[in-house]
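Visitor:
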Amino acid sequence: MAVWYLDPARAVQAYQRLIALPGAPRVRYAVKSNSHPTLLAALAAAGAHFAVVAEPELRALHAVGVPGQRIACVTPGPPAALLRACRAAGVALYAVDSAWEVRKLAALVPGAAACVYLALPPAGRLRYPVARVGALLDELDALLAAARDLSVRLVGVQIHVGSQCERPEAWGRGVELAAAAWERLRTGGWQPYLLNLGGGLPVPYRGPVAGPAAIARVVARIVAQRFPAAPQLWWEPGRYVAADAGLLIATVQRYTPGARPMVQLDVGRYRGLPEAARGIRYTYLADRQGPLARCIVVGPLGPDYDLLDRAAWLPPLAPGDRLWLPRAGAYTVAQTAYAVAADLPVVVGALPPVPQKAVAATVAGP
Ligand SMILES: Cc1ncc(COP(=O)(O)O)c(C=O)c1O
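Quick note, the sequence shown lines up with residues 136 to 501 if you use our numbering.
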């Protein structure tokens, strides 16, 4: 039986690494990536701010006593019910990406402070089968005109490069676009001071990725070149804070040998690993010795519906063997971003050590 382990202290460490970076943006944790109450409580105690996109996230924060002043509602098309709940909770900041959304926000949260959410070309590893989110530069005039006579304060610009963005230059391009939008706000008579960089900080699932310090340097360089004065910078990572706090231990259900062996696990796209369908490839560590073969890893529903990985290098396995999946704390078992079966046992506390033999036995694929 698969078990998910969660160590909130690791999320706090990741958060603290971010806020300790010299000149780095302030940090708002994206609750959708892992809304487990112990993790939220630990981050709240460490002083974190929070970003929400849905009502259950707001309720989860309320349950651990986070005040609205430390919460931003960062989805640019929130349902009216979410806006009402945010207003009741005293949420500090909102996002808008069209004249329609400006009118909706002014009607439901009069006096709200909001960032203009800009559309960027997706640069993250995750594939979303959804329509564009955010405004194009060409659409800003209509948005600003709508805001002029309404009870909304446009206080800044928000971008999001895409989740698990492994290309630091994408932030540079996003900040350049944000600078152009910033100028439009200023010439429209607004006094923007917030630049929200969104999420997307990557984690090393299968290989090294750019760290937040390198990304912060790219951001700082473009900000210095393109902004008239230093904006107040925020980023809102979910994955970077939560991923390392989780470890999933799965059990092999079936092992089919062959030219490309197939390993079937008791976790899958609809059971703990929804992002496998969207481009995330985890590391699978096996506690056995043996010649490594390039394996296909699938979940309980099999290869047609539940493909997890086409190329995981694993030794020969047998039913009942366990596989360790590190960095499984974000967008897995306890999160609101995707619907997943929530019946996996959860153990909160220090993560059990991954057997050294397992670490040595598996080679990350390409
Ligand atoms: C607006 C916004 N902010 C933050 C995040 C969190 O992203 P991540 O978990 O990749 O850091 C997302 C996720 O897609 C998002 O859409």
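All residues carry an ideal CB built from backbone N, CA and C; glycine is no exception.
Counting pairs of Cβ atoms below 8 Å between the stretch 288–301 and the stretch 329–341, do you hit three or more?
Guide: A contact exists between the stretch 288–301 and the stretch 329–341.
Visitor: Could you tell me how far apart the beta carbons of L278 and A270 are, in whole angstroms, since I believe they sit closer than 8 Å?
Guide: Contact holds; Cβ gap of about 6 Å.
Visitor: Mind the definition here: the stretch 464–471 touches the stretch 374–386 only if three or more C-beta pairs lie below 8 Å; say whether that holds.
Guide: Because the criterion of three Cβ pairs below 8 Å is met, the stretch 464–471 and the stretch 374–386 touch.
Visitor: In the structure shown, what three-state DSSP assignment does Q326 receive?
Guide: Three-state result, Q326: coil.
Visitor: Runs of 4 residues minimum, wholly inside the stretch 355–403: which ones carry the alpha helix (DSSP H) assignment?
Guide: If we require 4 residues or more, the alpha helix (DSSP H) runs fully inside the stretch 355–403 come out as 374–377.
Visitor: With distances taken Cα to Cα, identify the nearest neighbour of P213 among Y164, L196 and V244.
Guide: Cα-wise, what sits closest to P213 is V244.
Visitor: Apart from the five residues just before and just after E192, which ones in its own chain have a Cβ nearer than 7 Å to its Cβ?
Guide: For E192, where only same-chain residues beyond five positions count, the Cβ hits under 7 Å are V166, K167, S170 and T471.
Visitor: Taking 6 Å as the line, does the beta carbon of P372 fall inside it for any heavy atom of ligand 1?
Guide: Indeed, a heavy atom of ligand 1 lies less than 6 Å from the Cβ.
Visitor: Only counting the same chain, and skipping five residues up and downstream in sequence, which positions put a Cβ closer than 6 Å to that of V354?
Guide: If we look at V354 and ignore the five residues flanking it on each side, its Cβ neighbours are W306 and V310.
Visitor: With 16 as the cutoff for other CB atoms within 10 Å, does R194 come out buried or exposed?
Guide: Counting Cβ neighbours within 10 Å, R194 comes out exposed, since fewer than 16 surround it.
Visitor: Taking P450 and A421 to be in contact with their CB atoms under 8 Å, please state how far apart those CB atoms are, rounded to whole angstroms.
Guide: Rounded, the Cβ-Cβ distance is 6 Å, consistent with contact.
Visitor: Taking the CB atoms as reference points, tell me whether Y150 and L174 lie closer together than 7 Å.
Guide: It is not a contact, given that the beta carbons lie outside the stated cut-off.
Visitor: How long is the line joining the alpha carbons of P438 and D401, rounded to whole angstroms?
Guide: Roughly 13 Å between the two C-alpha positions.
Visitor: L486 and D142 - do their beta-carbons sit closer together than 7 Å?
Guide: The answer is yes: Cβ separation under 7 Å.
Visitor: For A447, name the three-state secondary structure that DSSP assigns.
Guide: Of the three classes helix, strand and coil, the one that applies to A447 here is strand, per DSSP.
Visitor: Among G425, P426, Q367 and G455, which residue has its Cα nearest to the Cα of Q399?
Guide: Taking only the C-alpha atoms, the option nearest Q399 is G455.
Visitor: Can you grab the Cα-Cα spacing for the pair L427 / Y390, in whole Å?
Guide: The straight-line gap from Cα to Cα measures roughly 14 Å.
Visitor: Pick helix, strand or coil for G407, following the three-state DSSP scheme.
Guide: If DSSP states are grouped into helix, strand and coil, G407 belongs with the strands.
Visitor: Can you give me the C-alpha to C-alpha distance between C512 and Y375, rounded to a whole angstrom?
Guide: This structure gives no information on residue 512, because the portion of the chain shown stretches from 136 to 501.
Visitor: Name the residue from V268, Q367, V226 and R163 whose alpha carbon lies nearest to the alpha carbon of P211.
Guide: Among V268, Q367, V226 and R163, the Cα nearest to that of P211 belongs to V268.
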